[in-house]
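Protein chains: 2
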Amino acid sequence: MAKTDKINNSTTQATIFDVARLCNVSRGTVDRVIHNRGRVSQETVEKVKRAIEILGYSPNLNASILASKKTYTFACLIPEFEHGEYWEKIHEGFIAGANSLYNYNIEVDFHFYDQTSPESYLTCCNKILDSKPHGVIMNTVFREETIHFASQLDEVGIPFAFVDDKFDGLNYTVYYGMDPYKSGRLGAFLLTNHFNPDQLLLVRLIRDTNHKADPNAKRRQGFLDYINLKFPQCKIHTVFINPADHQQIYVTLKDFFQEHPEVKHLIMINSRIFLIDEYLRENPDTKRIVVGFDDIEPNLASLRSGHIEFLVTRHISSQSQLALSTFAECVIRGVKPQKRDNYLHMDILHRLNMDDY
Amino acid sequence: MAKTDKINNSTTQATIFDVARLCNVSRGTVDRVIHNRGRVSQETVEKVKRAIEILGYSPNLNASILASKKTYTFACLIPEFEHGEYWEKIHEGFIAGANSLYNYNIEVDFHFYDQTSPESYLTCCNKILDSKPHGVIMNTVFREETIHFASQLDEVGIPFAFVDDKFDGLNYTVYYGMDPYKSGRLGAFLLTNHFNPDQLLLVRLIRDTNHKADPNAKRRQGFLDYINLKFPQCKIHTVFINPADHQQIYVTLKDFFQEHPEVKHLIMINSRIFLIDEYLRENPDTKRIVVGFDDIEPNLASLRSGHIEFLVTRHISSQSQLALSTFAECVIRGVKPQKRDNYLHMDILHRLNMDDY
DNA sequence: ATCTTTTGCGTGCACGTGCACATTTACACT
DNA sequence: AGTGTAAATGTGCACGTGCACGCAAAAGAT
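Line by line, the protein sequences give chains D and A. For the first sequence, this note's numbering assigns the number 1388 to the initial residue and increments by one for each residue that follows. For the second sequence, this note's numbering assigns the number 1388 to the initial residue and increments by one for each residue that follows.
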C-alpha cells in the first residue's frame, strides 16, 4: 500500500559536446556527421556514429529549432469546397495540424483544384513542383494524374503523404484515413441491427456513375457483402439523386416510397446523407432507419434532429491533422513513421453520443 | 480553379528585446514583469505590459525551455491495480502524457493507494504535500478525504486536476472524463435497440453496496432513467456477484437464468463485464444482448469473442493523457485551460469497429 | 621545391530566454 | 552635503545547436 513510482525526463541528456569529447573531435565535426554534410573522413564518421550510439545522444529539439533559421514548406493538395462539405473538415484539420507544429518554422501552402477538372489538378501539381516544397500531402480524387504526380515527386526526391484514401504501391511516407471496406460493413450492420430487412434502399449520387474514380466503391462493396451474406433474400433498391437539384431529390424519394411503402431501411454510402433530410422532415409518417457516413455539419444536424439514426465516421479533421503533423515531424527530423498505414477508429455516432464529438 | 492559400508560422515574432526597446528599459526589467518577480516600479510594469500587448509578444518556448533549468514535478494519485484493470489504462495514459511533454523538464511521481484503505490514501496525500509538487492529478475514489486534500492543496497554492470523475465546487484547474449519466443512457439504448425488453438483468458487484463512494451511481441513474422512461413496464432484475469468486459468479448467473430463461438483455454498469464471460462462453444456448462499459483488455477480448454485443467507452488512457499534458502546460505556462470540464466523446464499440481502437 | 587545391577539422557567433549579480537611482536621516 | 539603504534597473553568462568561416595538413600541379 501507498507505493511510489517516478518518470523523469529531465535526466541530463548527452549533448553534442559529450559526443565530441568521447571522440576527441570538435562539435563541428560531430555536427557534420549528424547532418550528413560531408567533409569528414570515413574513419571519423564511424567513430562519431558509434559514440552517438553509446551515449544514446539525440539532438535537443529546443536548441535545434532555436538555432535553425530554416523554414520548412509543405504543400497540401485538396479540392475546393463549399461550406459544409467534406473537404472543409480536411482543410480545418490541416490548419490544426499546422498550429500544433508551432514549435517549428513552418509554412503550409494550400492548393485547391476543381474536382471536375483534371486540368486544374495538373496546374496545381506543376505549381507545387515549381515551388519545391519539403513535402506534399494529397488524396486520390484523380487516379492516373496522382500516380504520375507521385512519380514526379519521387524523381526530385520530395516525400509525400496520403489523406482520406491512398494508392497502394506508391512510395508515400504515411497515410491516415478510415478503412472504407470496413466502414461499409459497419454501416450495413447498423442499418439492419434494429430489425431485419426484406428490402432496403441505397441512395446514390448521379455523378457517382460517371465519376471515373468512384471514391466510394470500396465502401459500397463492404456494405453489399455484409447484406448479401447476412440477408441473402434482401432486395436492394437503388435510386439516384442529383446533389444540385433539391426538387429532383424530393420527387425521386417521393415516387420511390409511394411505390415501396414497405421499405424501412435507407442508407447512403457517400458523405451527403443530409441531402435527403428535407424529404424525411416533411414525411415523418413512417419511422425509418437511416444510416449515413461522415461527420460533416449538415449530417450532424440531421442526426440531431432525429431524421438519421446512425452516422459512421471518424473525426474527419483528425485524419488531416495527424497526417500533417506526423508527416512534418518525419520530414523535419528525417525519420520514418512508426506506422505507415494509419486507419482511424470508426466511430458510431447516434443522437445519444454526439454531444461531445 | 487552382487557387492557393498559405499558413506561415515562421513570421518573425517579437522578442523580449523588441519589448524592451519600445519601453526604453532593459531585457531584465521586461523579464521581471513577465514572471511577476517584482522589483519593478508600478509605472514601468504598466508600460511593459502595454508594449507586450501592442507587439503581441509571447515568449519563445524553445528558448525558454532551453534556458530554464527548472524541473517541474507532478504527482499522480491513483489506486494500485492488477494487470487488466481500469486503472492500468489510466496509468498508461499518464505515461503517454509525460512522454508527450518531452520538451519540458518534467518529473512525474506516481502515488499508489489501496482502494479499500482510506489510511493508505491519507498516507499518499501527506507524502505529496511533503514533496511540494507543482501540480497534482487525482480522482474521486474517496469523497471526504479528497475534498479535504483539495483544501490543503489550495492552502499551499498547489494546483490540481481531476481525471475520470470530479467533485464540483472544488478549485480544480481542469477535468477530463466521460459524462457518467449520459454513458448510462447510451448503454441502455444499445441494450434495448435491437429488440424491446419486457425484463432485463442488471449485474452488480457485491462491493458496490458497501462501498461508500459508489463510483457508478450516476451512470446507473442514467441507465435506469432511460429504461423507466422508454419501457415503463420493463422489469429490472438485479444480481450481485463477487469479483474475487469465479465460482459464485457462475452459480449466481446459472441460478438466475434457470429461473428466468426469458431474460435476454444483460448489462453491467461498472467496468467488469468480462467477469461474466466465462458463464456466457459455457452457456451459448441462448443468444443474449450484453452491454458493458470501458475498453479494458479483458472486455475487449469478450467483445472480440462475441459474448458481448456493445461496449460503451472512450479511450480510457486518453483521459489521463490529456489531463496530464493539458494540466502541465497550464501550470508551466501559467495560464488557464480553454475548457475546464472536458467530457470525452462516448465511443460505441462493437466487434465490427474495434480493430483500430 | 614551390605553389595551389582539396580535405578534414576547429572556432565563433547567433538564436531568445532565465537568472544571478552588478550597477544606478531615489530617498531618508544625520 | 554626506552617508547608508532599499528600490529599480542593467548586464553577463549559460542553455545546446546550426552554420559560416577559417586554418592546417595533405594531396596534387608546375
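Ideal Cβ placement from N, Cα and C applies to all residues, glycine included.
C-beta contact flag for residue i and residue j at 8 Å
i       : j       : result
A:I1660 : A:S1689 : yes
D:C1717 : D:K1723 : yes
A:H1633 : A:H1647 : no
D:I1683 : D:E1472 : yes
D:N1558 : D:A1537 : yes
A:Q1429 : A:P1466 : no
D:D1664 : D:K1622 : no
A:V1590 : A:I1545 : no
D:V1417 : D:V1406 : yes
A:T1805 : A:E1494 : The shown model of chain A, from 1388 to 1744, leaves out residue 1805 of chain A, and the question about it has no answer.
A:F1697 : D:A1389 : no
D:I1676 : D:H1581 : yes
D:G1522 : D:I1656 : no
A:L1745 : A:Y1666 : Because chain A is modelled from 1388 through 1744, residue 1745 of chain A falls outside the range shown and cannot be assessed.
A:L1516 : A:Q1539 : yes
A:N1528 : A:P1446 : Correcting the residue identity first, residue 1528 of chain A is Val in this sequence and not Asn. Going by C-beta atoms, A:V1528 is not nearer than 8 Å to A:P1446.
First and last residue of the uninterrupted alpha helix (DSSP H) at residue i
i       : result
A:H1633 : H1633 to E1646
A:T1533 : R1530 to V1543
D:F1610 : A1604 to K1617
D:T1431 : Q1429 to L1442
A:I1477 : Y1473 to S1487
Contacting residues, own chain, Cβ-Cβ under 8 Å from residue i (five flanking each side not counted)
i       : result
D:K1456 : N1492
A:Y1562 : A1548, F1549, V1550, K1553, A1710, R1727, D1728 and N1729
A:S1518 : T1460, A1462 and D1496
D:G1425 : R1419
A:L1409 : A1438, I1441 and L1442
Proximity test, residue i beta-carbon vs the ligand ATP heavy atom, cut-off 7 Å
i       : result
A:S1704 : In terms of ligand content, the structure shown is empty, and the ligand ATP therefore cannot be addressed.
Own chain partners of residue i with C-beta closer than 7 Å, once the 5 adjacent residues on each side are dropped
i       : result
A:R1701 : M1565, L1731, H1732, M1733 and D1734
A:R1668 : H1694
A:G1574 : F1610, I1654, V1678, F1680 and V1699
D:M1525 : L1464, T1533, F1547 and F1549
A:E1649 : Q1586
A:K1476 : I1683, I1703 and S1704
D:F1404 : R1414
Per-residue burial, residue i [other beta carbons within 10 Å of its own, 16 or more giving buried]
i       : result
A:A1631 : exposed
A:Q1645 : exposed
A:V1543 : exposed
A:E1469 : exposed
D:R1783 : What is shown of chain D runs 1388 to 1744, which leaves residue 1783 of chain D out entirely.
D:P1361 : Nothing can be reported for residue 1361 of chain D, as the shown portion of chain D is limited to 1388 through 1744.
A:H1652 : buried
D:T1713 : buried
A:K1569 : buried
Cβ of residue i within 8 Å of any chain D Cβ
i       : result
A:V1550 : no
A:E1532 : no
A:C1410 : no
A:R1607 : no
A:I1545 : no
A:L1516 : no
A:A1485 : yes
is_contact[residue i, chain A] using C-beta, thresh 8 Å
i       : result
D:I1636 : no
D:R1572 : yes
D:K1674 : no
D:C1511 : yes
D:I1452 : yes
D:L1616 : no
D:F1497 : yes
D:I1703 : no
D:N1657 : no
D:Y1500 : yes
D:N1686 : no
D:S1507 : yes
Extent of the continuous beta strand (DSSP E) to which residue i belongs
i       : result
D:C1463 : Y1459 to P1466
A:T1703 : For the record, residue 1703 of chain A in the displayed sequence is Ile; it is not Thr. Run containing A:I1703: none in the beta strand (DSSP E); it sits in the alpha helix (DSSP H), I1703 to R1720.
Close Cβ partners of residue i (< 6 Å) along its chain, the five nearest in sequence each way excluded
i       : result
D:P1567 : K1605 and R1606
D:F1618 : none
A:Y1489 : none
D:S1707 : I1477, G1480, F1481 and V1550
A:F1643 : V1626
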